[in-house]
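Quick note, the sequences are listed as chains D and G, same order.
Quick note: the first sequence, position 22, residue 21 per numbering that gives the first Met the number 0, numbers continuous.
Quick note: the second sequence, position 128, residue 127 per numbering that gives the first Met the number 0, numbers continuous.
Built from N, CA and C at the ideal position, the CB exists for glycine as well.
Scroll down for the structure; my scribbles are underneath it.
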Amino acid sequence: MFQVNYRRTSSRLVCGIHTILGGKAVAICIATAFLSTPLAAAPFAYISNQLGDSVSVIDTEKGKVVDTIVVQGKPAGVAASPDGSRIYISTPEAKGFAVLDTKKGEVIAKVAVNDGTLGIAVGSNGKRIYVADWYKNTVSVIDADSLKIIKTIGVGESPSGLVVSPDNRWLYVANRISNSVSKIDLNKLTIKKTAQVGTHPFGLTIDSRGERIYVANVQSDDVTVLEAASMQPIATVKVNMLPYAAALALNDSRLFVTNQDDGSVSVIDTETLKEIGLITVGEKPEGISTHSDDRHVYVANWFDGDVSVIDARTLKVIDTIKTGEGSRAFGQFIGK
Amino acid sequence: MKKITLFVSVLLFLFTAVANAHGPVRQKAEEEITINAPAEKVWAIIKDYGDLSWLPEVKSVTVDKGNEKGSIRVLTLKDGGTITEELKKHDDKAMSYAYKITDMSTAKTITHAGVEEKVPVLPVDNYAASIDLTANGDTTVVSWKAGYYRAYMNNNPPEEMNEEAANTAVTALLKSGLQNLKALAEK
Numbered sequence: 000m001f002q003v004n005y006r007r008t009s010s011r012l013v014c015g016i017h018t019i020l021g022g023k024a025v026a027i028c029i030a031t032a033f034l035s036t037p038l039a040a041a042p043f044a045y046i047s048n049q050l051g052d053s054v055s056v057i058d059t060e061k062g063k064v065v066d067t068i069v070v071q072g073k074p075a076g077v078a079a080s081p082d083g084s085r086i087y088i089s090t091p092e093a094k095g096f097a098v099l100d101t102k103k104g105e106v107i108a109k110v111a112v113n114d115g116t117l118g119i120a121v122g123s124n125g126k127r128i129y130v131a132d133w134y135k136n137t138v139s140v141i142d143a144d145s146l147k148i149i150k151t152i153g154v155g156e157s158p159s160g161l162v163v164s165p166d167n168r169w170l171y172v173a174n175r176i177s178n179s180v181s182k183i184d185l186n187k188l189t190i191k192k193t194a195q196v197g198t199h200p201f202g203l204t205i206d207s208r209g210e211r212i213y214v215a216n217v218q219s220d221d222v223t224v225l226e227a228a229s230m231q232p233i234a235t236v237k238v239n240m241l242p243y244a245a246a247l248a249l250n251d252s253r254l255f256v257t258n259q260d261d262g263s264v265s266v267i268d269t270e271t272l273k274e275i276g277l278i279t280v281g282e283k284p285e286g287i288s289t290h291s292d293d294r295h296v297y298v299a300n301w302f303d304g305d306v307s308v309i310d311a312r313t314l315k316v317i318d319t320i321k322t323g324e325g326s327r328a329f330g331q332f333i334g335k
Numbered sequence: 000m001k002k003i004t005l006f007v008s009v010l011l012f013l014f015t016a017v018a019n020a021h022g023p024v025r026q027k028a029e030e031e032i033t034i035n036a037p038a039e040k041v042w043a044i045i046k047d048y049g050d051l052s053w054l055p056e057v058k059s060v061t062v063d064k065g066n067e068k069g070s071i072r073v074l075t076l077k078d079g080g081t082i083t084e085e086l087k088k089h090d091d092k093a094m095s096y097a098y099k100i101t102d103m104s105t106a107k108t109i110t111h112a113g114v115e116e117k118v119p120v121l122p123v124d125n126y127a128a129s130i131d132l133t134a135n136g137d138t139t140v141v142s143w144k145a146g147y148y149r150a151y152m153n154n155n156p157p158e159e160m161n162e163e164a165a166n167t168a169v170t171a172l173l174k175s176g177l178q179n180l181k182a183l184a185e186k
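Okay, structure coming up:
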């Protein structure tokens, strides 16, 4: 765990120098990333099995499920705390979320929030949890220590995916029915801006610099690329049937999007903003997250109840791991 | 006049908003059957998206673009109800196709929590399904998979529109369809 943190800190530091020294430092930054990859410890992936009322814990080094934890209330959304010690799992039928202690391997708390909790995210510093409510059109802000609700913010209709900027300054919310993304100021806990995107945005992700948001629109079968600062759309990229959620890999150079109704993952080159590949995975792929090695992408296949592991370099499925009934894993389900 | 127009569009907007939400937990149904006939023979019975003569509940079908992606078919059921579906994928080589329900007629209207609710002919929402054939020597395995939400879009569903009602109806449909397909193909 320490090594992972160290790697992240050091490469960020080098990248910081890059802004002062210009071109030359870019090479150092990339070299650091390559050299440090083998240092990364294998984290765990936490897959919510909504129809099975459980969470499968995948040891990513062994490539298999090492534990299955009962989580009642139809677990759907997953958010791993930055240090990997806690996993927050939204439980819509239990009207709240569960807190999983990863060392103990058990649920240590259940928090009542609202009627239809779905999207869930945790702050980049691990101090706050954000939970969207599908029915109440709100995002609740919860203190991670006391597990008390600090504030409930009204957003667009049927808020779904949530993502926090790497600097912990902003929270982006996909409002499925309003066809928009709201940007919430995490200091003031108010909406700063709302941008219209494609039809029925669901999952979304942000690059590691906090500059771009990628939003999967389930109804218009495309991805809206937003500039995070201005919330202006940069591009709309057509993908396949029912794009559900997205994740970045290989230094943000490739975007992977699950196409729920096509049983596939679209690969987009983030420089040209063109689709460069289509990878067949299981049936009804939903949640997608990138491993901390920045190379392997994990996809939860809802219908098949398993997880496909994609190598982002070769664009091939290298492993399929059996999980449980209705694997959904909507959110950041791999600890960093 | 302007006021009325505005009022109507607000109503329409609200209606659209409500109609687009769905229950929190997606359901699934999967049925499989082994047919003692070669895959080509079974596929010949079902491959035309506009032909549902193998599905007992269906009286007639109209289709607009055959087996082309995006083709819309309207099923008229024996009890008079209608289901509109869109073809999402059709693969002759793989012997499979996938489709989605885009509209349905109302089977009955009930009152729940003080509100009139329309129960669709198939009590589901956001229904997508696929049917796949796998050749296995002289026999064929047919697999029919569906993913959907319950018909009721808010919390605390009535029993006509809950998960159980959805699962029972879909499972019955898939089962009777596959059994009839087997009977036809093994003739």
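- Cβ proximity to chain D below 7 Å picks out 127, 144, 146, 153 from the segment 126 to 153 of chain G.
- The residues 268, 269, 270, in chain order, have a CB closer than 8 Å to that of residue 252 of chain D in the same chain once the five nearest residues on each side in sequence are set aside.
- The alpha-carbon separation between residue 90 of chain G and residue 159 of chain D amounts to approximately 32 Å.
- When C-beta atoms of the segment 167 to 178 of chain G are compared with those of the segment 43 to 60 of chain G, three or more pairs fall below 8 Å, so the two segments count as touching.
- Excluding the 5 residues flanking it on each side, residue 139 of chain D has same chain C-beta neighbours closer than 6 Å at 112, 130, 148, 151, in chain order.
- Residues of the same chain with a CB within less than 7 Å of the CB of residue 296 of chain D, apart from the 5 flanking positions on each side, are 246, 248, 255, 287, 289, 309, 311 in chain order.
- Counting the other Cβ atoms within 10 Å of the Cβ of residue 68 of chain D gives 16 or more, which makes it buried.
- For residue 208 of chain D, same chain residues with a beta-carbon under 6 Å away, outside a window of 5 residues either side, do not exist.
- Per DSSP, the unbroken alpha helix (DSSP H) holding residue 39 of chain G starts and ends at 38 to 45.
- Rounded to whole angstroms, the Cβ separation of residue 260 of chain D and residue 241 of chain D is 4 Å, and the two are in contact under 8 Å.
- Annotated three-state conformation of residue 158 of chain D is strand, per DSSP.
- Per the C-alpha coordinates, the member of G/148, G/72, G/137 positioned closest to residue 25 of chain G is G/148.
- Taken in chain order, the complete alpha helix (DSSP H) segments of 4 or more residues contained in the segment 295 to 331 of chain D number zero; there are none.
- Taking the beta carbon of residue 114 of chain G as reference, no residue of chain D falls within 9 Å; the closest one sits roughly 15 Å away.
- Taking the beta carbon of residue 49 of chain D as reference, the chain G residues within 8 Å of it are 24, 25, listed in sequence order.
- The contact set of residue 210 of chain D on chain G, defined by CB atoms closer than 7 Å, is empty, because the minimum CB distance reaches about 31 Å.
- The segment 218 to 225 of chain D and the segment 108 to 125 of chain G do not touch, with fewer than three beta-carbon pairs separated by less than 8 Å.
- Residue 73 of chain D has a beta carbon lying within less than 7 Å of a beta carbon in chain G.
- Contact residues of the segment 87 to 121 of chain G toward chain D are 87, 88, 97, 99 (C-beta to C-beta distance below 8 Å).
- The beta carbon of residue 240 of chain D sits closer than 7 Å to some beta carbon of chain G.
- Between the segment 185 to 205 of chain D and the segment 26 to 41 of chain G there are fewer than three C-beta pairs closer than 8 Å, too few to call the two in contact.
- Considering only D/329, D/99, D/214, D/62, the residue with the shortest C-alpha distance to residue 283 of chain D is D/329.
- Residue 182 of chain D is bridged by DSSP to D/171, D/192.
- Inter-residue distance for residue 103 of chain D and residue 61 of chain D is about 20 Å (C-alpha atoms, whole angstroms).
- Residue-level contact by beta carbon fails for residue 66 of chain D and chain G, as no gap is shorter than 7 Å.
- If you ignore the 5 residues before and after residue 142 of chain D, its C-beta comes within less than 7 Å of the C-beta of 127, 149, all in its own chain and listed in chain order.
- Here residue 49 of chain G is near residue 60 of chain G, since their CB atoms are less than 7 Å apart.
- Proximity of chain G to residue 282 of chain D at the Cβ level (cut-off 9 Å) is accounted for by 129, 144, 146, in chain order.
- For residue 139 of chain D, the enclosing beta strand (DSSP E) starts and ends at 137 to 142.
- Separation of residue 76 of chain G and residue 82 of chain G (C-alpha to C-alpha, rounded to the nearest whole angstrom) is 8 Å.
- Contact with chain G is absent for residue 166 of chain D, since none of that chain's Cβ atoms lies less than 7 Å from the residue's Cβ.
- Annotated as proximal: residue 47 of chain D and residue 74 of chain D, with beta-carbon spacing under 7 Å.
- Here residue 134 of chain D is near residue 115 of chain D, since their CB atoms are less than 7 Å apart.
- For the pair residue 129 of chain G and residue 97 of chain G, the CB atoms are nearer than the 7 Å cut-off.
- Under the three-state reduction of DSSP, residue 198 of chain D is assigned to coil, being neither helix nor strand.
- Cβ-Cβ separation between residue 70 of chain D and residue 52 of chain D: approximately 6 Å, consistent with a contact (criterion under 8 Å).
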